[in-house]
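Student: There's a structure below that I have some questions on.
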Amino acid sequence: MSLNKSNHWFFALTMLLLLAIGIGIGISVGSSGLGSLQNAWRDDVAWQIIWQIRLPRTLGAFAAGALLGLAGALAQGLFRNPLADPYLLGSASGATLGVALALAFYGGNQFAPDAFVRVGLTGAAFIGALFAVVLTLLLAKGVQHTMRLLLAGVIVGVVMGAIASLISLMRPDVLQNMQGFLLGSTAFIGWSAFFVMVCVLLPCLCLAWFFGFAMDALSLGESTALSLGVPLRSMRIVLVLLVALATGTAVAQTGLIAFVGLAAPHLVRSTTSVKSASLAILSALMGGVLLLVADILARSVIAPQELPVGVLTAVLGGGYLLWLMYRNQNQGGLR
Amino acid sequence: MTKSSRAIQASNIHVSLNGQEVLHGVDLKIRAGYWTSIVGPNGAGKSTLLKVLAGLLEFQGEVLVFDTPLNNLKAKERAQQISWLGQNEAASDDLTVWNVVMLGRLPYQDWMAAPSSQDIQAVEIALQSTQAWDWRQRRVGQLSAGEKQRVLLARAIAVQSPLMLMDEPLTNLDPPHQVDWLEQVRCLTAQGKTVVSVLHEVGMALHADDMVLMQAGRIVHQGTCSDPTTHRAIETVFDNRIAIQSIHSHWVAVPNMLRST
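So the sequence lines, in the order shown, correspond to chains A and B. For the first sequence, the positions run 1 to 335 when the numbering used here is used. For the second sequence, the positions run 336 to 596 when the numbering used here is used.
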């Protein structure tokens, strides 16, 4: 108990230390190299690169990863399923469809540095993600049957992704924006996008902490949770909204970034024993650090060019998942 | 809650699942302070009835718990009165044993409040009584199926409710720990608690004080376990494939092989 708490603090402090190191590296890496950082105090252009591009991008990558990590932890707790990644429940495809529809109607530039556009896209992504999760739950007739739930999530994801592709094909201006979006990129995160994500992340973390006890009780099964007086219905509604909001917000700013939501809670659980409330917070920190590291790698692997960070997380995350399955194959599957 | 001679009184209970009626006007009385086992063939409606008594299923009719209508109890009040151990209940592999058992104290805890000294004491007693104390810091995922079942029993005991409902509590328990469970139930009833359990093991169920026999969504017999009419009713319900006999002053169910010879 006290051992676990000290583990949690150690884990959280390690993540914060990695965040600080990541910020340091993040503002040093880019097409203009370390020179921008060295000349930042003397050169206005270098200062602009650091202050307007690298710093918000670095912090934004952390915030987006934190949202995805949080959404993953909540989805896995809510659905009592270690594979319940926000993407597997269709919410990311729903958010993509929401963004595609918003772009088709709005017709503006997805990456315009305009706070209003950011909030609008976030709202569209949230509604799309929420719609997809609700549709998945309706198709699966609840959350009791894991296979049906995952199958429904895959179907909803594929159909919504197809509709988003159709919209993109019908509107060439949307297609250009959506291509970058589908690959997943942190390159266009500015201060407005960062603040939108932080404004969503903080209340989501608080609510996840408040509902942690209910997710712990839910891990005993629905009947037992009900027998303990847990308000299951209202808890489910709040948590589904949180998953949709966190996923939608991250997807609206960065596009599709795979596996962070799935891997972050697994990495936390493989390190320390946690209750749901702590898992949500630590998964957010872990998700943030994961995407921050991925973003730095995306900028440096083939510098001065860069990889789409979504491609990098897909490769690294997929590899990690395969390793996890291999490691746990004698222990009854994923933990 | 006032002291009542009846822990549960159910009248004319009807339950439908997926549009099909599975309980057809069940009437039931459970004595307070005793252990009652519910027995019957597969699909008789035993688990459904237990869920109704726990307030976990919608039903038509009336259920009184210690003379109070079940539907009048608020969720927390009900949770303090009735402890539930479900069939195939699971716990997150990531939680420690201590944290799982502490979940049994949720009905007494305010939102976000730290466990009180009573909560901690209740968890300690529950862990010690189920011999799970030594694993309290271990993750549930590190335990065997039988050990997990004992932890879940400890979770149910930690509620410290006057009424305990258990659906197939002997699942995954080896014979020595089944005997431990029997002793645990005896200990609970000695403390004045009422225990109602659904059991498939007729031999174990015969150790109860009272027995409720169900068949096809109806109660076909209710009586004490030592009553010969109860024994005959058991044999009838199970199509005379088992016989109830006395061995060393204990009632046991033995396979009746006559039909196959």
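Beta carbons are placed, not taken as given, at the ideal position from N, Cα and C, and that holds for glycine. All of these numbers come straight from a predicted model, not from anything done at the bench.
Give the straight-line distance between the Cα atoms of L13 of chain A and G90 of chain A, rounded to the nearest whole angstrom.
Tutor: The straight-line gap from Cα to Cα measures roughly 33 Å.
Student: Quick check on W468 of chain B - is its C-beta less than 8 Å from some C-beta in chain D?
Tutor: As a matter of chain content, chain D is missing from the structure shown, whose protein chains are A and B.
Student: From the DSSP output, read off the bridge partner residues of T371 of chain B.
Tutor: Paired residues: B:V531 and B:D545.
Student: I need the straight-line Cα distance from F340 of chain A to A187 of chain A, nearest angstrom please.
Tutor: Past the boundaries of the shown model lies residue 340 of chain A; chain A is included only from 1 to 335, so the question cannot be answered.
Student: So, with DSSP's three-state summary, where would you put T254 of chain A?
Tutor: Looking at T254 of chain A - three-state DSSP - the assignment turns out to be helix.
Student: If A71 of chain A sits next to G98 of chain A, beta carbons under 8 Å apart, how far is it from one beta carbon to the other, in whole angstroms?
Tutor: Actually they do not touch by this definition, with Cβ atoms about 15 Å apart.
Student: If you reduce the DSSP assignment to three classes, tell me which class F259 of chain A lands in.
Tutor: Here F259 of chain A sits in coil by DSSP.
Student: Examine chain B for any beta-carbon lying closer than 8 Å to the beta-carbon of P113 of chain A, and answer yes or no.
Tutor: Only weak support is given to the placement of P113 of chain A: the predicted model assigns it a pLDDT of 48, under 50, and the question is left unresolved by the model.
Student: In chain B, which residues lie less than 9 Å from A217 of chain A when you measure between Cβ atoms?
Tutor: Within chain B, the residues near A217 of chain A are L438 and L441.
Student: Check this for me: beta carbons of D429 of chain B and R474 of chain B, under 8 Å apart or not?
Tutor: Their beta carbons are under 8 Å apart, which means D429 of chain B touches R474 of chain B by this criterion.
Student: Could you check if G354 of chain B belongs to the surroundings of the ligand FAD, using beta carbon to heavy atom distance under 7 Å?
Tutor: Absent from the structure shown: the ligand FAD. Ligands present: none.
Student: Where in the region 175-239 of chain A do unbroken runs of the alpha helix (DSSP H), each at least 4 residues long, occur, reported from the N-terminal end onward?
Tutor: The qualifying runs are 191-210, 212-218 and 222-227.
Student: Please classify I569 of chain B as buried or exposed, where buried requires at least 16 other C-beta atoms within 10 Å of its C-beta.
Tutor: Counting Cβ neighbours within 10 Å, I569 of chain B comes out buried, since at least 16 surround it.
Student: Between L405 of chain B and the rest of its own chain, which residues show a CB-CB distance below 6 Å, the 5 nearest in sequence each way excluded?
Tutor: If we look at L405 of chain B and ignore the five residues flanking it on each side, its Cβ neighbours are G390 and V398.
Student: Taking the straight line between their C-alpha atoms, what separation do you get for G69 of chain A and L262 of chain A?
Tutor: Distance between the alpha carbons of G69 of chain A and L262 of chain A: 7 Å.
Student: Of the choices A:A277, A:G94, A:S283 and A:L149, whose alpha-carbon is the least far from that of G65 of chain A?
Tutor: Of the candidates A:A277, A:G94, A:S283 and A:L149, the one whose C-alpha sits nearest the C-alpha of G65 of chain A is A:S283.
Student: In whole angstroms, what is the alpha-carbon distance linking Q179 of chain A and V158 of chain A?
Tutor: Each residue's alpha carbon lies about 17 Å from the other.
Student: Interface residues of chain B around V274 of chain A at Cβ under 7 Å?
Tutor: The answer, in chain order, is D429.
Student: Does the beta carbon of S223 of chain A come closer than 8 Å to any beta carbon on chain B?
Tutor: Chain B contact via Cβ: present.
Student: Could you name the residues of the region 372-390 of chain B whose beta carbon sits closer than 8 Å to any beta carbon of chain A, in the order they occur along the chain?
Tutor: Of all residues in the region 372-390 of chain B, K386, A389 and G390 have a Cβ within less than 8 Å of some Cβ in chain A.
Student: Name the residue from A:R57, A:V133 and A:P82 whose alpha carbon lies nearest to the alpha carbon of S219 of chain A.
Tutor: Comparing Cα positions, the closest option is A:P82.
Student: By Cβ distance below 8 Å, which residues in the same chain neighbour D509 of chain B in space, the five residues on each side in sequence not counted?
Tutor: Closer than 8 Å at the Cβ level, and outside the excluded window around D509 of chain B, lie G481.
Student: According to the Cβ coordinates, are V238 of chain A and F213 of chain A closer than 8 Å?
Tutor: No; because the gap between Cβ atoms is not below 8 Å, this pair is not in contact.
Student: Taking all protein chains shown into account, decide if N177 of chain A is buried (16 or more other Cβ within 10 angstroms of its Cβ) or exposed.
Tutor: With 16 or more other Cβ atoms within 10 Å, it is buried.
Student: Count Cβ pairs between the region 493-503 of chain B and the region 407-417 of chain B that sit closer than 8 Å; are there 3 or more?
Tutor: Yes, the region 493-503 of chain B is in contact with the region 407-417 of chain B.
Student: Given this structure, state the Cα-to-Cα distance separating V547 of chain B from Q466 of chain B, to the nearest angstrom.
Tutor: Taking the straight line from one Cα to the other gives about 30 Å.
Student: Using a beta-carbon distance cut-off of less than 7 Å, what residues from the region 491-502 of chain B approach chain A?
Tutor: Within the region 491-502 of chain B, no residue qualifies.
Student: 8 Å is my cut-off, CB to CB: does E424 of chain B come that close to chain A?
Tutor: So yes, E424 of chain B belongs to the interface.
Student: Does chain A have any CB closer than 8 Å to the CB of N434 of chain B?
Tutor: True, the Cβ-Cβ gap to chain A drops below 8 Å.
Student: The beta strand (DSSP E) spanning S278 of chain A covers which residue range?
Tutor: Looking at the DSSP string, S278 of chain A is not in any beta strand (DSSP E); the run it does join, the alpha helix (DSSP H), is S276 to S300.
Student: Let me know the secondary structure DSSP gives M597 of chain B once reduced to three states.
Tutor: The structure shown does not extend to residue 597 of chain B, since chain B is modelled only from 336 to 596, so the question has no answer here.
Student: Have a look at C522 of chain B and L505 of chain B and give me their C-alpha separation to the nearest angstrom.
Tutor: When rounded, the distance between both Cα atoms is 17 Å.
Student: Going by CA-CA distance only, name the one from B:E412, B:I373, B:T371 and B:G360 that's closest to G396 of chain B.
Tutor: Comparing Cα positions, the closest option is B:G360.
Student: Is the separation between the beta-carbon of T122 of chain A and that of G248 of chain A shorter than 8 Å?
Tutor: Going by C-beta atoms, T122 of chain A is nearer than 8 Å to G248 of chain A.
Student: Starting from E397 of chain B and walking both ways along the beta strand (DSSP E), at which residues does that stretch end?
Tutor: Where E397 of chain B is concerned, the enclosing beta strand (DSSP E) stretches over Q395 to V400.
Student: Tell me, please, which residues DSSP counts as bridged to E356 of chain B.
Tutor: Answer by DSSP bridge pairing, in chain order: B:S351.
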